[in-house]
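Participant: In this note's numbering, the protein residues as written are 882 to 1270.
All C-beta atoms in this analysis are idealised placements derived from N, C-alpha and C, irrespective of residue type, glycine included.
None of these values were measured; they are calculated from a predicted model.
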Ligand SMILES: [Zn+2]
C-alpha cells in the first residue's frame, strides 16, 4: 500500500537521521577527548587546532571555548587565548551575549599581551555601548597610566565613578599630580596650582600634593609656606622623609632661617613620628645629612644597628664618643653603600628600585614604595631569599 510505503519511508529517514546525529555526537566526543589529551600532553597548539575545528561545526562547544581561552591566558599563552577569542568573535550568527563576552575576553588578552592600542579600541567601544562598563573603564584607566596619558587616565577615572564604581581616590590624585608636575616643568605655576586643587579634591591627605604645593610655593617666593607644607607631609606620611628633607632644608635656607630646619627635625623626634635611626637612614638615603641634628641621629644609628655597632666599636677607641667629623665620614661611607644598592622597595610586590617612584613599575600600585629600612651590605644576589635577577 502507498500509505504503508510512505510511513515506512518516513520512519527510515528518521532512523537514518537519528543514526547520523548519533555518529556526529560520537565523532565530536572523540575529537573533544583528543583535544583534552593534547592539553594534558602539554601540546596547546595541537589542542587549539582540534577545539577550533569543533567550534566551526557546533554551537554547543562555545562554553568549552571560553574555558579554553581563559585557561590559555592563565597559563601565559596569550597568543593562543587571542586565537580562541578572535575565532569566537568572528563567527557568523553568534548570540550577541556570547559576542560581547568574547570581546571583553579578547580585549583582556590584548591588554595582557601589551597590545594596548587594540585593547583600548575594544574597551572604548564596550564602555560606549554600556557593556561591562566597569571592567572596560578600569582597564582604560590602566592603559592610559601605562602610556602616561594622565589627562585621559583622569577622564576615564571620572567615567568609572559615573557608572557607580568608587574608583581609587589615591590613583586619581596621582593623575592630577602628574599633570601638575608637567605644568611645573613648563613653568605654568597657575595651571599647576589648579591641577593640585583638583588632586586635593580627589584625596584630601595626599603627601605628594603637599610636596608639590610646597615646590610651587618655593618657586613663587613663599618659602615659609613651603616649610609648613613639607612639615605637613612628614606628619601625614613619615616614609616620604627622604623626599622632603632636601626640600625642607632648601626652603628654610631660602627663608633665611636655618634654625627652622633644625626645629622641624627636633619636632619629628619629639613627636615620636619616627625614631632617630629612621631619620638618620632617611637622611643618608636622600643625601642630606650634613646637619648637626641629623648627625646626632647618625650617632644613634651607630649605637642601635647591630652591624654598625660592631663596626664602630672596631674603628673607634673604646669609650670615645664619635665627633661631628667622624659622624660625617661614617654617613658619607654609608651613603656610598646605599648608592650601590636599591634604595626603595614596593611593600606590595617587593620590587626594588634605586630611585623613588610614586607608582610601582611591577604591580602598578600607587604609594607603595618605601625606603629599604636596613643597610644591605651584601650584593642583592647573595642575600637570603633574593630572587634571581
Ligand atoms: Zn609593586
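Using DSSP with H/G/I as helix, E/B as strand and the rest coil, what is residue 1263?
Facilitator: Working through the chain shown from its first residue, we reach residue 1263 at position 382. Summary for residue 1263: the model assigns pLDDT 47, below 50, so the residue's position carries little reliability; its value from the coordinates is reported in the next sentence. Looking at residue 1263 - three-state DSSP - the assignment turns out to be helix.
Participant: Could you tell me if the beta carbon of residue 1243 falls within a distance shorter than 7 Å of some heavy atom in ligand 1?
Facilitator: Numbered from 1 along the chain shown, position 362 holds the residue referred to as residue 1243. For ligand 1, at least one heavy atom lies less than 7 Å from the Cβ of residue 1243.
Participant: Give me the Cα-Cα distance between residue 1172 and residue 1066, rounded to the nearest whole angstrom.
Facilitator: By one-based count along the chain shown, residue 1172 stands at place 291. By one-based count along the chain shown, residue 1066 stands at place 185. When the Cα atoms are used, residue 1172 and residue 1066 turn out to be separated by approximately 30 Å.
Participant: What residue ranges within the region 978-1036 form continuous beta strand (DSSP E) runs of no fewer than 3 residues, ordered along the chain?
Facilitator: Runs found: none.
Participant: I'd like to know whether the C-beta of residue 1223 is nearer than 8 Å to at least one C-beta of chain B.
Facilitator: The question asks about chain B, but that chain is absent: this structure has only one protein chain.
Participant: Hey, could you find the ends of the alpha helix (DSSP H) residue 1207 is sitting in?
Facilitator: Locating residue 1207 in the chain shown gives position 326, counting from the first residue. Residue 1207 -> alpha helix (DSSP H) spans 1205-1220.
Participant: Is the region 939-954 close to the region 984-994, with three or more CB pairs under 8 Å?
Facilitator: yes
Participant: According to DSSP, is residue 1252 part of a helix, a strand, or is it coil?
Facilitator: Taking the first residue of the chain shown as 1, we reach residue 1252 at position 371. In the structure shown, residue 1252 sits in a strand (DSSP, three-state: E or B).
Participant: Using the rule of at least 16 other Cβ atoms within 10 Å of the residue's Cβ for burial, across every protein chain shown, is residue 1148 buried or exposed?
Facilitator: In the chain shown, residue 1148 corresponds to position 267, counting from 1. Under this definition residue 1148 is an exposed residue.
Participant: Roughly how many angstroms lie between the CA atoms of residue 1091 and residue 1062, to the nearest whole one?
Facilitator: For the purposes of this step, residue 1091 is taken as the residue at position 210 of the chain shown. For the purposes of this step, residue 1062 is taken as the residue at position 181 of the chain shown. In a straight line, the C-alpha of residue 1091 is about 12 Å away from that of residue 1062.
Participant: With the cut-off set at 8 Å, would you say residue 1044 and residue 1015 are in Cβ contact?
Facilitator: One-based indexing of the chain shown puts residue 1044 at position 163. One-based indexing of the chain shown puts residue 1015 at position 134. Cβ atoms of residue 1044 and residue 1015: closer than 8 Å.
Participant: Answer with buried or exposed for residue 1104, where buried requires no fewer than 16 other C-beta atoms within 10 angstroms of its C-beta.
Facilitator: Numbered from its first residue, the chain shown carries residue 1104 at position 223. Flag for residue 1104 reads buried.
Participant: Could you tell me whether the Cβ atoms of residue 1008 and residue 1000 are closer together than 8 Å?
Facilitator: Taking the first residue of the chain shown as 1, we reach residue 1008 at position 127. Taking the first residue of the chain shown as 1, we reach residue 1000 at position 119. The answer is no: Cβ separation not under 8 Å.
Participant: In this structure, does DSSP put residue 1058 in helix, strand or coil?
Facilitator: As a working mapping, residue 1058 is identified with position 177 in the chain shown. It is helical.
Participant: Classify residue 1100 as buried or exposed, calling it buried when 16 or more other Cβ atoms lie within 10 Å of its own Cβ.
Facilitator: Taking the chain shown and counting its residues from 1, the one referred to as residue 1100 is at position 219. It counts as exposed.
Participant: Which of helix, strand or coil does DSSP assign to residue 976?
Facilitator: Position 95 of the chain shown holds residue 976. Here residue 976 sits in coil by DSSP.
Participant: Mark residue 1267 as exposed unless 16 or more other C-beta atoms lie within 10 angstroms of its C-beta, in which case mark it buried.
Facilitator: Numbered from its first residue, the chain shown carries residue 1267 at position 386. In this prediction, residue 1267 has a pLDDT of 45, which is less than 50 and means its spatial position is unreliable; what the coordinates show is noted afterwards. Exposed.
Participant: Quick one: residues in its chain with C-beta nearer than 7 Å to the C-beta of residue 1004, no 5 flanking neighbours on either side, listed in chain order?
Facilitator: What you label residue 1004 is simply residue 123 of the chain shown in a count that begins at 1. The answer, listed in chain order, is 988, 1017, 1020, 1021.
Participant: With 16 as the cutoff for other CB atoms within 10 Å, does residue 1058 come out buried or exposed?
Facilitator: Taking the first residue of the chain shown as position 1, residue 1058 is located at position 177. Flag for residue 1058 reads buried.
Participant: Who are the Cβ neighbours of residue 1264 in its own chain at under 6 Å, not counting the five residues just before and after it?
Facilitator: If you number the chain shown from 1, residue 1264 lands on position 383. Caution applies to residue 1264, whose pLDDT of 45 falls short of 50 and renders its modelled position unreliable; the model cannot decide the point.
Participant: Applying the criterion that 16 or more other CB atoms from any shown protein chain within 10 Å of the CB defines a buried residue, is residue 1242 buried or exposed?
Facilitator: What you label residue 1242 is simply residue 361 of the chain shown in a count that begins at 1. Classification of residue 1242: exposed, given that the 10 Å Cβ count is below 16.
Participant: What does DSSP give as the partner residue(s) for residue 1247 in the beta ladder?
Facilitator: One-based indexing of the chain shown puts residue 1247 at position 366. The partner list for residue 1247 (beta bridge, DSSP) reads 1240.
Participant: Can we count residue 1234 as close to ligand 2, meaning its CB is less than 7 Å from some heavy atom?
Facilitator: This structure does not include ligand 2; its bound ligands are ligand 1.
Participant: Residue 1041 and residue 997: beta carbons closer than 8 Å?
Facilitator: Position 160 of the chain shown holds residue 1041. Position 116 of the chain shown holds residue 997. Not a contact, by the Cβ cut-off of 8 Å.
Participant: Suppose contacts are defined by Cβ-Cβ distances below 8 Å. Is residue 1111 in contact with residue 1097 by that definition?
Facilitator: The residue labelled residue 1111 in the question sits at position 230 within the chain shown. The residue labelled residue 1097 in the question sits at position 216 within the chain shown. Not in contact: residue 1111 and residue 1097 (Cβ atoms no closer than 8 Å).
Participant: Leaving out five residues before and five after residue 1146 in sequence, what residues of the same chain have Cβ atoms less than 6 Å from its Cβ?
Facilitator: Here the question's residue 1146 lines up with position 265 in the chain shown. Within the same chain, residue 1146 has close Cβ partners 1174.
Participant: Looking at the secondary structure, which residues open and close the beta strand (DSSP E) in which residue 1225 lies?
Facilitator: Along the chain shown, one-based indexing puts residue 1225 at 344. Start and end: 1225-1227.
Participant: When you measure from the CB of residue 942 to every non-hydrogen atom of ligand 1, does any distance come out below 7 Å?
Facilitator: Against the chain shown, residue 942 aligns to sequence position 61. No, since every heavy atom of ligand 1 falls outside the 7 Å radius drawn around the Cβ of residue 942.
Participant: Using DSSP with H/G/I as helix, E/B as strand and the rest coil, what is residue 1188?
Facilitator: For the purposes of this step, residue 1188 is taken as the residue at position 307 of the chain shown. In the structure shown, residue 1188 sits in a helix (DSSP, three-state: H, G or I).
Participant: Using the C-alpha atoms, what's the distance from residue 1046 back to residue 899?
Facilitator: Taking the chain shown and counting its residues from 1, one reaches residue 899 at position 18. Taking the chain shown and counting its residues from 1, one reaches residue 1046 at position 165. The alpha-carbon atoms of residue 899 and residue 1046 are separated by roughly 52 Å.
Participant: Return helix, strand or coil for residue 1233, following the three-state DSSP convention.
Facilitator: Working through the chain shown from its first residue, we reach residue 1233 at position 352. Reduced to three states, the DSSP call for residue 1233 is strand.
Participant: Exposed or buried, which one is residue 1219 when buried takes at least 16 other CB atoms within 10 Å?
Facilitator: Against the chain shown, residue 1219 aligns to sequence position 338. Under this definition residue 1219 is a buried residue.
Participant: What ranges does the alpha helix (DSSP H) occupy inside the region 1058-1127, keeping only unbroken runs of at least 4 residues that lie completely in it?
Facilitator: 1070-1083, 1088-1100, 1104-1117
Participant: Just checking residue 1227 against ligand 1 - is the residue's beta carbon closer than 7 Å to any of the ligand's heavy atoms?
Facilitator: Mapped onto the chain shown, residue 1227 falls at position 346. Yes, since a heavy atom of ligand 1 falls inside the 7 Å radius drawn around the Cβ of residue 1227.
Participant: Straight-line CA distance for residue 1088 to residue 1237?
Facilitator: What you label residue 1088 is simply residue 207 of the chain shown in a count that begins at 1. What you label residue 1237 is simply residue 356 of the chain shown in a count that begins at 1. Near 14 Å, if we compare the C-alpha coordinates of residue 1237 and residue 1088.
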